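Heads up, the thing below is written out as C-alpha cells.
In the numbering used here, the protein residues as written are 827 to 984.
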C-alpha cells in the first residue's frame with residue numbers, strides 16, 4: 827500500500843454498489859446483492875480482500891451518502907458480510923459532500939490527505955474527489971465487480 831510519495835494508511839469506502847450491490851435506502855437490507863451467488867459473491871470477495879488489509883494494519887472507513895441507520899442495519903442483519911462494524915476505524919455516513927467528510931477524518935486521525943485511498947463506484951464522486959482533494963489517491967474502479975479484489979491486491983503490493 828505504498829507509492830513513491832507517501833505510505834497509504836487509510837482506505838475509504840463507499841457503501842451502495844461498493845460493499846454490496848444496490849442502494850440500500852431504496853431496496854432495503856434484504857434486497858441488496860451480497861451473498862454466495864451471482865454478483866453478490868463478487869461483493870463478498872471484495873469485502874474479504876478489504877478484511878485482509880485490516881490484518882496488515884490498513885485503517886478502513888466508510889464515507890457514504892446514506893441514512894446511517896440503514897447502513898448499520900444492513901451490516902447487522904445480512905449474514906454474508908465479511909466486514910463487521912468494528913472493522914471500521916471511522917464512518918461518515920451522512921449527506922455531506924465526501925471531500926468535506928474526508929477533511930474531517932484526516933483531522934481526526936491526524937494524518938495527511940496523501941495517506942488516504944478513496945474507493946467509490948460512482949464516477950461523479952471520483953471526479954469530485956480528484957478535483958477537490960487531489961492529494962487523496964482516488965482509484966479508477968473497474969466497471970466489473972469481479973475485478974475489484976485483484977485491483978485491491980495490486981494496490982496493496984504497489
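Quick reminder that beta carbons are idealized off the backbone N, C-alpha and C, glycines included. Note that the structure is predicted; figures quoted are calculated from it, not measured.
Asked	Found
Quick one: Cα of residue 860 to Cα of residue 841, how far?	12 Å
For a test of the three-state rule: what should DSSP assign to residue 857, helix, strand or coil?	helix
If you measure between the beta carbons of residue 855 and residue 899, is that distance less than 7 Å?	yes
So which of 952, 966 and 896 has the shortest CA-CA distance to residue 848?	896
Taking the beta strand (DSSP E) that residue 945 belongs to, which residues open and close that run?	942 to 945
Out of 932, 933, 937 and 880, which has the shortest C-alpha to C-alpha gap to residue 912?	880
Alpha carbon to alpha carbon, what distance is there between residue 836 and residue 850?	25 Å
How is the beta strand (DSSP E) around residue 897 delimited, first residue to last?	Residue 897 -> not in any beta strand (DSSP E); alpha helix (DSSP H) instead, spanning 894 to 903.
Would you check if the stretch 963 to 977 and the stretch 938 to 945 touch, i.e. whether three or more CB-CB distances between them fall below 8 Å?	yes
Give the range of the beta strand (DSSP E) segment to which residue 887 is assigned.	885 to 891
The beta strand (DSSP E) that contains residue 920, what's its start and end?	916 to 920
Since I believe residue 975 is in contact with residue 875 (beta carbons under 8 Å), could you give me their beta-carbon distance rounded to a whole number of angstroms?	4 Å
Provide the residue span of the alpha helix (DSSP H) that contains residue 836, from first to last.	Where residue 836 is concerned, there is no enclosing alpha helix (DSSP H), although the beta strand (DSSP E) it sits in stretches over 836 to 839.
What separation, rounded to the nearest whole angstrom, lies between the Cα atoms of residue 922 and residue 929?	12 Å
If you draw a straight line from the C-alpha of residue 939 to the C-alpha of residue 869, how long is it?	27 Å
With which residues is residue 847 paired in a DSSP beta bridge?	859
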